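Numbering (the working numbering), first residue to last: 1 to 452. Every residue gets a Cβ at the ideal spot worked out from N, C-alpha and C, and that includes glycine. Remember, it's a predicted structure, so these values are computed and weren't measured experimentally. Below you'll find the structure, written out as structure tokens, and then a few comments.
Spelled out as structure tokens, the structure:
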């Protein structure tokens, strides 16, 4: 009787690594504060690990001391807050000229939580973005979120990356992936083959550390945006958070959302491994007849999946298909994404950044800056005096493993990513005359750079 061959998909239910990126302290707009993205510490070599409870508490305390409580109109929840890009740039220039630290009002874009509209005003040489907004607070995880909604606010730093990377998004796309190395997969196969030849009863407590060591660190690849930016961090953080939920390494933050592992308790008849990634999910943009008013529609993000198999040299190849359980879990995450964004700011931040990228592509595709004769060089030019906050670059993550028996033995997933195809989303539109009326009510306010 021949024994079944152990393959990479015969090892682990999840080498799914909940990730996010944290620098213990970083300079942001001239001040040093404790800050985090998802609760992982990054060392000088780019390797990540979880911070201690003391580190996390100290970070939250420092952030709450550094971020001022908003006051006045900016604190009021509104369905539509308008931001003049021309006015925003002027406010930033004024602060830089005085040598002042950029106020929180600028850094957090007046509490904007999504970009819903883009308006062009040629007669006033301006471009306006608008969406729901409210005041902000530092929550229990050290995230800056809306006071009543709990949704993350947009960051100026991320908007700068979206605007400055718009050509990269067009030519090569913006993406991140976290993948095992081919050598690591081959070493893992050798461990599994040795286990099969030994004919010894499977002992997960012994095998798991051996597999971790053989598999080695997963490699993080980010394309299209600066590797040391907050934007890059959140691409990676969202991917790891998604996989951690899929592989049941921690419970979902919302009820009635089982993991992929829970869905396949009965086993799956497959010799391939599921891979998930997060991608843009927009309806066709709505435009006024004169193309001066635009509305971004759709929830923004969806989960996609594909089965892949490991080849003899340790590389992987996609099958172009997805197993039913993996697709069901991807569809579930997509349908619950709005709820997840409210419960876990990592998902909301990713959607904010995708919104920004679509807006950047829309502005560029229709040449709005020239149409409005609006000079936004401070925001667009990476060589300007307005520089990005630099964060330690994440490079590797050690695998976390948990076992799950299937009809084929064991299963493993270790790959995933985020893909931001903003130009494709910005290229689809339909005319809706009602959008013009919203533009008429949103003309730039001469008194300040944002208004309700």
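For residue 398, same chain residues with a beta-carbon under 6 Å away, outside a window of 5 residues either side, are 217 in chain order. The beta carbon of residue 137 sits closer than 6 Å to those of 147, all from its chain and outside the five residues before and after it, given in chain order.
Looking at 449, 189, 343 and 118, the one whose alpha-carbon comes closest to that of residue 214 is 189. Within the stretch 158-195, complete beta strand (DSSP E) segments of at least 3 residues are found at 174-179, given in chain order.
Taking the C-beta atoms as reference points, residue 151 is found nearer than 8 Å to residue 341.
Residue state for residue 430 is assigned as strand, using DSSP reduced to three classes.
In this structure, the CA atom of residue 165 is about 35 Å from the CA atom of residue 257. CA-to-CA, the gap between residue 452 and residue 248 works out to about 42 Å. Closest by C-alpha distance to residue 88, out of 237, 107, 70 and 324, is 107.
In this structure residue 360 touches residue 163 by the C-beta definition: roughly 5 Å separates them, less than 8 Å. Ranking 294, 204, 261 and 343 by CA distance to the CA of residue 437 puts 294 first. With fewer than 16 other Cβ atoms from the protein chains shown falling within 10 Å of its own Cβ, residue 198 counts as exposed. Within the same chain, 260, 263, 264 and 268 come within 7 Å of residue 325 by CB-CB distance, once the 5 residues on both sides are set aside. Assigned with DSSP and collapsed to three states, residue 323 falls in coil, not helix or strand. Rounded to the nearest whole angstrom, the CA to CA distance from residue 337 to residue 367 is 32 Å. At the C-beta level, residue 444 and residue 126 come within 8 Å of one another. Rounded to the nearest whole angstrom, the C-alpha separation of residue 442 and residue 311 is 56 Å.
Rounded to whole angstroms, the separation of the alpha carbons of residue 385 and residue 343 is 36 Å. For residue 306, the pairing in a beta bridge is given by DSSP as 275.
Ranked by how close their Cα comes to the Cα of residue 327, the residues 86, 276 and 120 have 276 in first place. Here residue 356 is actually not in contact with residue 83; their C-beta atoms are around 12 Å apart, not less than 8 Å. In the displayed model, residue 215 falls within a helix according to three-state DSSP. When the Cα atoms are used, residue 171 and residue 110 turn out to be separated by approximately 32 Å.
Remark: C-beta atoms of residue 283 and residue 300 do not approach each other more closely than 8 Å. When the alpha-carbon of residue 291 is set against those of 439, 416 and 280, the nearest one is in 439.
Straight-line measurement puts the Cα of residue 206 at about 35 Å from the Cα of residue 57.
In its chain, beyond the 5 residues on either side, 426 have a beta carbon closer than 6 Å to the beta carbon of residue 365. In the structure shown, the three-state DSSP call for residue 380 is helix.
Residue environment analysis places residue 175 among the buried positions, since at least 16 neighbouring C-beta atoms fall within 10 angstroms of its C-beta.
Contact between residue 353 and residue 303 is absent: CB atoms are separated by about 16 Å, not below the 8 Å threshold. Looking at the backbone, the Cα of residue 378 and that of residue 418 are separated by about 28 Å.
In this structure, the CA atom of residue 307 is about 38 Å from the CA atom of residue 131.
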